[in-house]
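Residue numbering for the sequence shown follows my numbering, starting at 227 and increasing by one per position.
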Amino acid sequence: MKWAALRAAFPHTIPIFAGFWFLGLAYGIYANVSGFSFLYPMIMSIVIFGGSLEFVTITMLLSPFAPLQAFLMAILIQARHLFYGIAMLDRFKDTGWKKYYLIYGMCDETFSINFATKVPDGIDRGWFMFFVTLLNEFYWVSGATIGGLMGSLLTFDTQGISFVMTAMFVVIFLEQYEREHSHITAWDGLAASVLCLNLFGSQAFIIPSMIVILAILTLIRGPLERKGI
């Protein structure tokens with residue numbers, strides 16, 4: 227059962243592997259050239275496991291000690307995971323001890339796969355989500371560690387490298403869009419994001435847009451379920 231779930235999960239994580247290794251290497255190199263040994267990106271990638279926050283953490287470690295500012299920054303950057311958790315409440319039921327790791331290891335990419343992918347027949351859903359989560363974390367941790375080791379040997383301009391993740395999310399969105407019979411939820415997300423982007427700006431639109439999306443989906447959930455969407 228476990229090996230079957232691993233074989234079923236692995237192909238879905240291959241695009242994540244490409245993105246995570248690319249960004250993980252860049253993060254490890256960035257940490258190294260900032261004066262940190264490879265142990266810092268390795269440990270932070272395991273404990274924090276939040277790409278955006280880990281990049282910011284390097285800057286905060288080089289700044290004057292400000293624990294309250296660091297705490298608030300971490301909440302603001304990772305607050306979107308609150309909405310991921312709400313969306314996954316039903317899917318994490320009856321997964322036993324694996325639920326605690328699934329909660330801990332749920333990053334953006336893992337959420338996208340576990341939420342949108344239909345688990346093949348005969349595959350245990352809990353083990354499938356577990357291996358998706360484990361593989362994605364392994365990709366990020368190994369990439370960050372290798373980047374930290376390579377940082378003293380390689381130097382290059384990493385400006386704009388984070389666009390890799392943006393491109394990957396576009397691909398995931400398009401694949402899910404094509405699988406849906408109705409595109410109401412997709413247009414809901416796009417409209418809410420564009421609206422909040424114009425109202426709050428590029429630095430503060432994510433949380434408001436998620437609130438708007440959640441509110442709209444809550445309102446239309448009944449009609450969608452009755453139509454089988």
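The beta-carbon is built from N, C-alpha and C at its ideal position, and this holds for glycine as well.
Assigned secondary structure, residue i (DSSP; H/G/I helix, E/B strand, else coil)
i, result
"Leu-294", "helix"
"Gln-304", "helix"
"Gly-322", "coil"
"Ser-378", "coil"
"Gly-369", "helix"
"Ser-271", "helix"
"Ser-263", "coil"
"Thr-343", "coil"
Beta-carbon proximity list for residue i, same chain, < 6 Å, skipping 5 on both sides
i, result
"Val-367", "Ser-271, Ile-272"
"Gly-415", "Ile-439"
"Phe-431", "Cys-422, Leu-423"
Closest residue to residue i among the options (Cα-Cα distance)
i, options, result
"Arg-405", "Lys-228, Asp-414, Lys-344, Ile-269", "Lys-344"
"Ala-305", "Thr-321, Met-332, Met-286, Ile-284", "Met-332"
"Thr-371", "Gln-429, Met-436, Val-282, Ile-255", "Ile-255"
"Ile-167", "Leu-279, Gly-369, Ile-303, Ile-240", "As displayed, the chain neither begins before 227 nor continues past 455, which places residue 167 out of reach and without an answer."
"Thr-239", "Ile-437, Phe-337, Ser-435", "Phe-337"
"Val-397", "Ile-329, Ala-342, Phe-275", "Ala-342"
"Gly-373", "Pro-241, Asn-258, Ala-313, Ala-234", "Asn-258"
Status (buried if at least 16 other CB within 10 Å, exposed otherwise) for residue i
i, result
"Gly-261", "exposed"
"Ala-252", "buried"
"Ile-301", "exposed"
"Val-358", "buried"
"Tyr-266", "buried"
"Trp-353", "buried"
Same chain only: Cβ atoms within 7 Å of residue i, ignoring 5 sequence neighbours per side
i, result
"Tyr-310", "Met-332, Phe-337"
"Phe-356", "Lys-324, Tyr-327, Leu-328"
Cut-off 8 Å between Cβ atoms - residues of its own chain near residue i, not counting five sequence neighbours on either side
i, result
"Glu-280", "Tyr-253, Pro-267, Met-270, Ser-271, Ile-274, Ala-370"
"Ser-263", "Gly-374"
Three-pair Cβ contact test at 8 Å for the stretch 240-252 versus the stretch 359-371 = yes
Mind the definition here: the stretch 320-333 touches the stretch 288-295 only if three or more C-beta pairs lie below 8 Å; say whether that holds.
-> no
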